[in-house]
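Written below as structure tokens is the structure these notes are about.
Residue numbers (the numbering used here): 337 to 459.
Right, dumping it as structure tokens:
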């Protein structure tokens, strides 16, 4: 069982994610804005963060950059999610330190495979 923080402002997507995470047996928490996200990640120190790119207040790109700049959070995995799933967006997210990138809308099987890859693989 893993601890996962969902940072997603769209309720319908967050509900689907929470359903999947519960069914898979993971502990999870949610934020619906980017404000205070890095502080929350420090406090919870989750195994993985599911991070939307387009958030109110602070972008997901800024959050992943700040997380990667914090040596105490080096073991926290980050999967970025965006409706703008272009190659440029994917490259940007991975270049800033994301461990994975999923385009929305996504298949639950695709998300499940990405979670398995990151949670069972080496840090």
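Beta carbons: idealized from backbone N, C-alpha and C, even for Gly.
Taken atom to atom, the span from the alpha-carbon of residue 385 to that of residue 418 is near 14 angstroms. Judged by DSSP secondary structure, residue 436 falls outside any alpha helix (DSSP H) and instead within the beta strand (DSSP E) spanning 436-439. Residue range 373-380 is occupied by the alpha helix (DSSP H) that includes residue 375. Runs of beta strand (DSSP E) with 3 or more residues, each lying fully within the segment 348-434, are found at 363-367, 384-388, 413-418, listed in chain order.
Residue 341 is bridged by DSSP to 365, 385. Nearest to residue 432 by alpha-carbon distance, out of 443, 368, 414, 420, is 414.
In terms of Cα proximity to residue 392, the closest of 342, 447, 382, 368 is 368.
Assignment of residue 346 by DSSP, reduced to helix, strand and coil, places it in the coil class. Judged by DSSP in its simplified three-state form, residue 443 adopts coil rather than helix or strand. With respect to residue 416, residue 429 sits close: the two C-beta atoms are nearer than 8 angstroms.
Remark: three or more beta-carbon pairs, one from each stretch, lie closer than 8 angstroms, so the segment 363-380 and the segment 392-401 are flagged as touching.
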